[in-house]
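First up is the structure itself, then whatever we jot down about it.
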Amino acid sequence: GINAEYGEFQTFINYNVKLFIELARMTKKRRNGGRNKSGRGHVNFLRCTNCARCVPKDKAIKKFIIRNIVEAAALRDIGDQSVYKAYILPKIYVKLHYCVSCAIHSKVVRNRSRELRRVRTPPVRHMPGRQNQQQNQQQQANKN
């Protein structure tokens with residue numbers, strides 16, 4: 202009775218040890234596991250903007266969009282009709298959160314090769330307004 206139970210227990214332990222060793226040797230696709238959690242145990246969830254899936258805040262792909270309320274085609278018409286000549290239309294500021302599958306599907310991010318996945322530097326941002334400001338600041342610094 203007891204020896205039979207002990208034998209079953211021993212095989213159970215051996216199986217779990219083998220399983221643990223196999224899991225310990227599993228390959229890791231990313232250094233951070235696709236998250237930015239580091240030492241934290243739990244992170245709040247967000248809802249994906251596209252499909253409303255629950256995504257951990259650190260795993261979600263974030264995109265910040267600044268857009269004019271009126272599109273460029275209608276901007277001139279509104280300017281012509283407006284009483285105020287120097288009126289600047291307000292902008293829309295939206296922060297979008299995507300789950301990984303929606304971000305890939307909508308081409309916000311793309312899959313990269315194994316070597317390029319190790320590159321952690323953020324991609325170069327091209328912001329037309331910011332470049333002009335930086336050039337003006339550099340010109341002022343050179344004059345002084």
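In this note's numbering, the protein residues as written are 202 to 345. Where is the CB? At the ideal position from N, CA and C, for every residue including glycine.
Report task. Go to residue 295, then tell me how far its beta strand (DSSP E) extends in each direction, as first and last residue. Result -> 292-299
Query raised in the report: Should residue 228 go down as buried or exposed, given a rule of 16 or more other Cβ atoms within 10 Å for buried?
Result: exposed
Report task. Please check the pair residue 299 and residue 258, which I expect to be a contact at CB under 8 angstroms, by giving their CB distance rounded to whole angstroms. Result -> 12 angstroms between Cβ atoms; not a contact.
Query raised in the report: Of all the beta strand (DSSP E) runs that stay within the bounds of the region 238-283, which reach a length of 3 or more residues?
Result: 246-248, 255-257, 262-269
Requested in this report: Along the alpha helix (DSSP H) that carries residue 318, what are the first and last residues, could you check?
Outcome: 315-318
Requested in this report: Within the same chain, show all residues whose beta-carbon is closer than 6 angstroms to that of residue 236, passing over the 5 residues directly before and after it, in chain order.
Outcome: 259, 260
Report task. Kindly indicate which three-state DSSP category residue 302 falls into: helix, strand or coil? Result -> helix
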